[in-house]
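> If you scroll down you'll find the structure; I have some questions about it.
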Amino acid sequence: MRARPSFTPEHDAGNTHYLRRAAAVLLLLILMMAAFFRFWRLEQMPPGLYHDEAYNGLDALSLVQGKTFPQFYEGWELYQYDAHANRPATKTRWPLFFEGNYGREPAHIYLMALSIKLFGAAPFAIRAVPAFFGVLAVFATFLAAKTLLGARGSQSAPPFHAPATMLAPLVAAFTLAILFPAIHFSRFGLRMMVFVFVETLTIYCFWQGINSGGRAVNDAPPPARRLTTSTLWFSLAGFLLGLGLYIYAAARLFPLLFVIFVPFWFWRDRGAGRRHWLDVGLMAGTAVLTALPLLLYFWRTPYFFVFRLAYVSNKGKGAIEGKPWLTWLYNAGRVLRGLFWQGETHLRHNLPGRPYLDPLQSIACLAGAGAVSKRLLQPRIFFLFLWLLVMLLPTVFSGDAPHFGRMSGAAPVVAIFVGLGADWFVKVISTQYSVFSKGKLMTGYWLLITVLFISALWTGYDYFVRYAHHPQIAADFYLPEWQMGQYAASFGADTAVYLTPTQAELATLYFALGGSTRLHNYAGEEGAVPLGIPGRAALYLVRPAMPPISLTRLQTAFPTGALGKSGDGYLSFFVPANAPRPLPEHQSTHSFGDQLRLVGWTVKVEGEVTAVTLTWEALKEMDRAYTAYVHLIGPDGTPAAQLDRQPGGYPTSDWQPGERVMDTYTIPLPPGITIEDVTIQTGFYYLPTLEALGEPARLTK
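Per the working numbering, the sequence shown runs over residues 1144 to 1844.
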């Protein structure tokens, strides 16, 4: 049996002294590299501004603008009525949970609000938050690895040789700095990397608490002070553990790491149980106390505790309907394959097919895991493997595994395994091959540096060349939407902006326009034409359609309007402020419930078809989508023909005070009845209750 490699005191101390002198400089260089990969061309890469990024930015912007919450910006979010069916939403200036876009935790949105205050409402401000915390996560990974691998003198510490206590943490930090998914999600305006920093810092504080309470007797401070030191670290770990729940839904699984590990640790190290049972209890209590406001919110509104989880779990191409356990079993294989062989194919999350780790990182990770697996029952080694398992659960439980965004929590521990593999590599090279004579340990280090440099170049090429030039990336990150929004914003705040036809996701356009109030979305192909507010300019953004009926109606309504810029997927039509609005043949001042009024009407008869064109004006904001009707009343006083529908493609709940809307109701005349035989009547009512909005108006022909 081969003896464990040994280091002479001079050899070990010399290299330890060198690494300690170089560690600060190396760590600084690693952090600079991490910052470069995360901030370079952050405004342009990824291109555009994806919907979820923009929605987060909208909430942050609403905070800056002093609006009250909850805010729902898009028409598809009808779940809000289910969520508050039994308990009306409580309006608040400072929400504990943002209910829009399926619901999101608050911390990263508040941080984005601060970033918008500093840098303005732009993609950089949204992405600077995860980029900044992505760099901090690299530093926290170094700290966590150092405190986890570097403690000596207790049963809970593995017998790593001295250089490993610095080499493995440095390589782990370097790996996270150049890890493709960590770079990408640091440049993507989502919340994963904020959680990764808090997660890793939690683990650092937890193990600092263990280390401070588990020193050798001859090195330990007095018992009272030792208790105070460890208690402080455990309390801070508990605070961070609770704080994680305010950042990311995956943080709800993170406490499972400690729930499983602590009993195992106390079983393997009875002395630790006697020393730290009170500290662990304090950590749990601090975590619960920190998370209590959010937990109380979920207690009052349980809908949002499970809503997003139910949405993402067991959905997607990998889900097996009705068999979640089978889905999870298959997902475990997909996740392992995603780590080392076949990565996620979703372009918005990854260069399609690229594994989580490049081949060099994969070899080091597997080597590191293999090197320490023989000591799996040693508490610190067990903790590493358990950490990896728990942080892979979010993607295992979802239907579209491997989902690299939901794997973000595993990035630091994967990086630590790469660091352990690098340490194993240097140890083997420097002790088992005669070509490296005694005292040539630095040769092994230089070989390692070469490998790491190649890996960094590999990542840089894959991200900033291959991924950046993928032909579909602009569309996936809504670059055309962002450019269209910027073009509309260039017209100034006094210009009303209309988009047709309707689309579900508008957050990118809203953010470009500085909020959700300027843009009005309508289905022009259904008939209604919003005429804007008299005396105010209007810009119409028209998606090309066949036939181009929306543009034709605009050109008919506004003969003095002009075609403007055409972009990717849209063309523009501008109506100046002084352009005359179309006037109906007959004028009116009739109002419906003091909420809207009839400006006028025009009646045209072609054969047996009557076309009634109505022009309305909103008098105030309306929270109801009213149904309009046109009835042709026969000589006997009963309707001979009628048409009841909402204004075509533009509901009254979207109308702004002072805005005019024109719509045409086409009604066939019954046989034997002419237009001279009928009286035309129009009005509004609320369909769910059939409640009339004011009195109907009678129209003269």
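Virtual Cβ for every residue (Gly too), placed ideally from N, Cα, C.
All of these numbers come straight from a predicted model, not from anything done at the bench.
1) Would you call the CB atoms of G1387 and F1397 closer than 7 Å?
2) Please report the straight-line C-alpha distance between P1190 and S1505, rounded to a whole angstrom.
3) If G1712 and A1315 are in contact, beta carbons under 8 Å, what's the gap, nearest whole angstrom?
4) Flag T1586 as yes if its beta-carbon sits less than 7 Å from any beta-carbon of chain C, otherwise no.
5) Pair every Cβ in the segment 1600–1617 with every Cβ in the segment 1630–1648, then say whether three or more of these pairs are closer than 8 Å.
6) For the alpha helix (DSSP H) holding P1502, just list the boundary residues, first then last.
7) Is the segment 1772–1782 close to the segment 1706–1723, with three or more CB pairs under 8 Å?
8) Using a 10 Å radius around the Cβ and a threshold of 16 neighbouring Cβ atoms, would you call V1084 buried or exposed?
9) In its own chain, which residues sit with a C-beta less than 7 Å from the C-beta of P1302, not counting the 5 before and 5 after it?
10) Report all residues from its chain with a CB closer than 7 Å to the CB of A1784; omit the five preceding and five following residues, and keep chain order.
11) Please give me, in chain order, every unbroken run of the alpha helix (DSSP H) with length at least 4 that falls completely inside the segment 1184–1270.
12) Which residue's Cα is closest to the Cα of V1736: L1836, F1560, L1479, I1676?
13) Is it the case that the segment 1537–1552 contacts the segment 1475–1494, given that we only count it when at least three CB pairs across the two stretches are under 8 Å?
14) Between H1194 and the rest of its own chain, which residues show a CB-CB distance below 7 Å, the 5 nearest in sequence each way excluded?
15) In whole angstroms, give me the CA-to-CA distance for A1394 and F1654.
16) Answer yes or no: do I1252 and A1197 have a C-beta to C-beta separation smaller than 7 Å?
17) Alpha carbon to alpha carbon, how far is L1520 from V1557?
18) Rounded to the nearest angstrom, what separates R1093 and R1181 at their Cα positions?
19) Tell me the DSSP secondary structure of E1342 in three-state form.
20) Which whole-angstrom value is the C-beta distance of L1292 and A1320, which I expect to be below 8 Å?
21) Exposed or buried, which one is L1435 when buried takes at least 16 other CB atoms within 10 Å?
22) Locate the beta strand (DSSP E) running through L1706, then write down its first and last residues.
23) Beta strand (DSSP E) containing F1717: first to last residue?
24) Quick check on the burial criterion: 16 or more other C-beta atoms within 10 angstroms. Buried or exposed for P1238?
25) Does the Cβ of V1339 have 16 or more other Cβ atoms within 10 Å, making it buried, or fewer, making it exposed?
26) Out of curiosity, what's the CA-to-CA distance linking G1414 and Q1351?
27) Start and end of the alpha helix (DSSP H) containing V1478?
28) Can you tell me whether P1306 is buried or exposed, with buried defined as 16 or more other CB within 10 angstroms of its CB?
29) Count the CB pairs spanning the segment 1217–1237 and the segment 1259–1272 that are closer than 8 Å, and state whether there are at least three.
30) To which residues of the same chain is A1599 closer than 6 Å at the C-beta, ignoring the five residues directly before and after it?
31) Can you tell which of E1751, W1183, R1443 has its C-alpha closest to the C-alpha of V1278?
32) Please state whether the Cβ-Cβ distance between L1313 and L1169 is less than 7 Å.
33) Pair every Cβ in the segment 1423–1430 with every Cβ in the segment 1373–1386, then say whether three or more of these pairs are closer than 8 Å.
34) Excluding the 5 residues flanking A1510 on each side, which residues of the same chain have their C-beta closer than 6 Å to its C-beta?
35) Going by other Cβ atoms of all chains shown within 10 Å of its Cβ, with 16 needed for buried, is I1597 buried or exposed?
36) Mind checking S1373: buried by the 16 CB within 10 Å criterion, or exposed?
In short:
1) yes
2) 29 Å
3) Contact doesn't hold; Cβ gap of about 44 Å is too wide.
4) Among the chains in the structure shown there is no chain C, since it carries only a single protein chain.
5) no
6) 1502–1516
7) Fewer than three beta-carbon pairs drawn from the segment 1772–1782 and the segment 1706–1723 are found closer than 8 Å, and the two stretches are therefore not classed as touching.
8) The requested residue 1084 is not part of the displayed model; the chain covers only 1144 to 1844.
9) Confidence at P1302 is low in this model, with a pLDDT of 42, below 50, so its placement is unreliable and no value can be given for it.
10) Only L1775, I1810, P1811, L1812, P1813 meet the Cβ criterion.
11) Segments of the alpha helix (DSSP H) lying fully in the segment 1184–1270: 1194–1207, 1222–1226, 1250–1262.
12) The question names Val, yet the displayed sequence has Gly at residue 1736. Per the Cα distances, L1836.
13) yes
14) The residues are Y1621, E1648, A1650, T1651.
15) For A1394 and F1654, the distance between alpha carbons rounds to 28 Å.
16) Against a cut-off of 7 Å, the Cβ pair of A1197 and I1252 comes out as no contact.
17) 19 Å
18) This structure gives no information on residue 1093, because the portion of the chain shown stretches from 1144 to 1844.
19) helix
20) So it is not a contact: roughly 18 Å between Cβ atoms.
21) Looking at its Cβ environment, which holds fewer than 16 other Cβ atoms inside 10 Å, L1435 is exposed.
22) 1705–1710
23) F1717 -> beta strand (DSSP E) spans 1713–1718.
24) Buried.
25) buried
26) 17 Å
27) Going by DSSP, V1478 is part of the alpha helix (DSSP H) stretching over 1467–1483.
28) Residue placement at P1306 is flagged as unreliable, the pLDDT there being 46, under the threshold of 50; the coordinate-derived value follows with that caveat. Buried.
29) no
30) I1321
31) W1183
32) yes
33) Yes, the segment 1423–1430 is in contact with the segment 1373–1386.
34) G1564, W1567
35) Under the 10 Å beta carbon count, I1597 is surrounded by fewer than 16 other beta carbons and is classified as exposed.
36) buried
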